[in-house]
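Going down the list, the sequences are from chains A and B.
For the first sequence, the UniProt record's numbering begins at 1 and goes up steadily by one.
For the second sequence, the UniProt record's numbering begins at 1 and goes up steadily by one.
Ideal Cβ placement from N, Cα and C applies to all residues, glycine included.
Note that this is a predicted model, so its numbers are computed, not measured.
Okay, so here's the structure we're looking at.
Number of protein chains: 2
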Amino acid sequence: MKQDRQDGARATVNAIKDLILSEHLRPGDPMPTEVDLVEKLGVSRSSVREAIRTLVALDILEVRHGTGTFVGQLSLRPLVEGMVFRGVLLPGDDLSVLREVVEVRKGLDLSLAPRVVERLSGADTADLRVCVEEMKVLAAQHTTYPVQDRQFHLNLAERLGNALYGQLVAAFWDIHTTVAPRLGVVGQRDLDVTAAAHEAMLDAAVSGDLEAYRAAVEAHYDPILRVLDDRHLVTAS
Amino acid sequence: MKQDRQDGARATVNAIKDLILSEHLRPGDPMPTEVDLVEKLGVSRSSVREAIRTLVALDILEVRHGTGTFVGQLSLRPLVEGMVFRGVLLPGDDLSVLREVVEVRKGLDLSLAPRVVERLSGADTADLRVCVEEMKVLAAQHTTYPVQDRQFHLNLAERLGNALYGQLVAAFWDIHTTVAPRLGVVGQRDLDVTAAAHEAMLDAAVSGDLEAYRAAVEAHYDPILRVLDDRHLVTAS
């Protein structure tokens, strides 16, 4: 009985996905109503509701209040939600999950290094320069600058002609900055050092110096990784 | 009314997450029953059901038939499910989403290169050697070798002391190999070339040669990327 309900829900999820594909719907397009889906797919209303709930969680569908159900943005939001929860639930004695996230961020930036340097060398980088200048001003005021930090990494990734990379960079930035405070890891104290590391990344890329760019990426992440090595989780028990 | 239901569902999702955290539950631990959750959280049964559905989609909960609900594995399965759908739905005229996935795979492998070479040089690599030998035998028989291919990349990632990296490598392998055939991109013909590329990666890593390892990674992915450049999507209309 329960097995049947479970299989029914899975089958309905797949049927709705097939419908989106066969009708060539795109993100933002309106979906048929719940009643229409019940008719079209020949399943119960509760199966349709459960399937919609699953597909909303995966950002394959989106429910807008008062207007109906639409094809979702197919974003990496489910990755962020799951990973943030995992980071908080399974911190490990040495904050190992958070450390892994920061290592992945560093790895992504290093793997993008050749392309970043190629795209930025001699290019107009006014948007990135503004981010860096604002970081420096805020650092001098002992103020954190998460908005400018995220913008810097996003603007960098956007120039690479690979939207997925940009989304991964943003997703892991979000996971990192959501998990860290929940584990009691305070924002890095070295605001000046971090602002300078971003400036060094930009300067190296603009001047086409791949090795200097890689060194600046290391200088950006290594203080964060050191903080995670030094700190052990203080449980709130 | 609908807004209320939506907010209620979101609040219930968060309440269940908080419960998992406050009770220090771990993946695989049993959850309270639906009835208990209704009581504990003071919400309707339908809210609890909807919230469970959302959390199952994110692999934060897992429903096992006949036994009940458990804390999920917090895997990257939601990432794979969403990305596979996105790859099929939004292929782009030039298979751009699939191309982005392959570029991310290549980027991950390149970013791991220094650590792979450090860990493998002079180490026991019998498991990886078996994968490569089987690939070569199958290639000679004009047979594809997805099992050995996935195993190779997984075993490699497992040695790096970062479980998240291993899961990302596996997730993007799965996305790539699920999306490609659905878009009519046949498995790469050059079975020999690909088997040899894996062998070259292994040989370079064992001998501690970082540059040769990087070159072998490029040799592994570049034929796949070339196929995607050459091919334009044949829609089945």
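Rounded Cβ spacing between residue i and residue j (contact assumed at less than 8 Å)
{"i": "Glu148(A)", "j": "Glu134(A)", "result": "Residue identity check: residue 148(A) is Gln in the sequence provided, not Glu. Their Cβ separation, rounded to whole angstroms, is 5 Å, which keeps Gln148(A) and Glu134(A) in contact under 8 Å."}
{"i": "Thr69(A)", "j": "Leu61(A)", "result": "6 Å"}
{"i": "residue 249(B)", "j": "Ser111(A)", "result": "There is simply no residue 249(B) to check, as chain B begins at 1 and stops at 237 in what is shown."}
{"i": "Leu74(A)", "j": "Pro27(A)", "result": "6 Å"}
From the options, residue whose alpha carbon lies closest to that of residue i
{"i": "Asp59(A)", "options": "Ser75(B), Val84(B), Val63(B), Arg64(B)", "result": "Val84(B)"}
{"i": "Asp127(B)", "options": "Gln73(B), His153(B), Lys40(B), Ser96(B)", "result": "His153(B)"}
{"i": "Arg86(B)", "options": "Phe172(B), Val13(B), Val48(B)", "result": "Phe172(B)"}
{"i": "Thr143(A)", "options": "Val80(A), Ala123(A), Asp190(A), Leu160(A)", "result": "Asp190(A)"}
{"i": "Val101(A)", "options": "His176(A), Arg10(A), Ala51(A)", "result": "His176(A)"}
{"i": "Leu79(B)", "options": "Gly107(A), Leu168(A), Leu98(A), Ala212(A)", "result": "Leu168(A)"}
{"i": "Asn162(B)", "options": "Ser207(A), Leu98(A), Arg115(A)", "result": "Leu98(A)"}
{"i": "Asp29(B)", "options": "Ile52(B), Val56(B), Val71(B), Ser22(B)", "result": "Val71(B)"}
{"i": "Thr12(B)", "options": "Leu25(B), Arg182(B), Val43(B), Val35(B)", "result": "Val43(B)"}
{"i": "Glu199(A)", "options": "Leu225(A), Leu156(A), Tyr165(A)", "result": "Leu156(A)"}
{"i": "Leu160(B)", "options": "Asp203(B), Pro114(B), Gly107(B), Gly208(B)", "result": "Pro114(B)"}
{"i": "Ala219(A)", "options": "Val63(A), Asp230(A), Glu103(A)", "result": "Glu103(A)"}
{"i": "Phe139(A)", "options": "Ile20(A), Ala197(A), Leu25(A)", "result": "The displayed chain sequence assigns Ala, not Phe, to residue 139(A). Of the candidates Ile20(A), Ala197(A), Leu25(A), the one whose C-alpha sits nearest the C-alpha of Ala139(A) is Ala197(A)."}
{"i": "Asp203(A)", "options": "Asp174(A), Asp229(A), Asp124(A)", "result": "Asp124(A)"}
{"i": "Val179(B)", "options": "Glu81(B), Asp36(B), Arg77(B), Leu21(B)", "result": "Glu81(B)"}
{"i": "Tyr165(B)", "options": "Val35(B), Asp230(B), Leu76(B)", "result": "Leu76(B)"}
{"i": "Gln151(A)", "options": "Gln141(A), Ala170(A), His65(A), Lys136(A)", "result": "Ala170(A)"}
{"i": "Gly208(B)", "options": "Leu183(B), Arg119(B), Leu225(B), Asp174(B)", "result": "Arg119(B)"}
{"i": "Leu21(B)", "options": "Arg129(A), Lys17(A), His65(A), Arg182(A)", "result": "Arg182(A)"}
Interface flag, residue i vs chain A, CB-CB below 8 Å
{"i": "Gly208(B)", "result": "no"}
{"i": "Glu62(B)", "result": "no"}
{"i": "Thr194(B)", "result": "no"}
{"i": "Val88(B)", "result": "yes"}
{"i": "Ile20(B)", "result": "yes"}
{"i": "Val137(B)", "result": "no"}
{"i": "Thr12(B)", "result": "no"}
{"i": "Ala170(B)", "result": "no"}
{"i": "Ala219(B)", "result": "no"}
{"i": "Pro78(B)", "result": "yes"}
{"i": "residue 300(B)", "result": "This structure leaves residue 300(B) out entirely; chain B is present only between 1 and 237."}
{"i": "Glu118(B)", "result": "no"}
{"i": "Glu100(B)", "result": "yes"}
{"i": "Glu211(B)", "result": "no"}
{"i": "Gly42(B)", "result": "no"}
{"i": "Asn155(B)", "result": "no"}
Short CB-CB distance (under 8 Å) between residue i and chain B
{"i": "Glu23(A)", "result": "no"}
{"i": "Phe85(A)", "result": "yes"}
{"i": "Arg105(A)", "result": "no"}
{"i": "Val227(A)", "result": "no"}
{"i": "Ser111(A)", "result": "yes"}
{"i": "Ala57(A)", "result": "yes"}
{"i": "residue 247(A)", "result": "The structure shown has nothing for residue 247(A), since chain A only spans 1 to 237."}
{"i": "Gly28(A)", "result": "no"}
{"i": "Ala204(A)", "result": "no"}
{"i": "Glu50(A)", "result": "yes"}
Residue i - partner residues in DSSP beta bridges
{"i": "Pro30(B)", "result": "Phe70(B)"}
{"i": "Leu61(A)", "result": "Val71(A)"}
Beta-carbon proximity check, residue i vs residue j, cutoff 8 Å
{"i": "Val227(B)", "j": "Met201(B)", "result": "no"}
{"i": "Leu41(A)", "j": "Val117(A)", "result": "no"}
{"i": "Glu50(B)", "j": "Ala15(B)", "result": "no"}
{"i": "Arg105(A)", "j": "Tyr213(A)", "result": "no"}
{"i": "Val193(A)", "j": "Pro146(A)", "result": "no"}
{"i": "Val132(A)", "j": "Ala215(A)", "result": "no"}
{"i": "Thr54(B)", "j": "Arg53(A)", "result": "yes"}
{"i": "Val206(B)", "j": "Leu95(B)", "result": "no"}
{"i": "Val48(A)", "j": "Val63(A)", "result": "no"}
{"i": "residue 245(B)", "j": "Gly107(A)", "result": "Since the displayed chain B opens at 1 and closes at 237, residue 245(B) lies outside it and no answer follows."}
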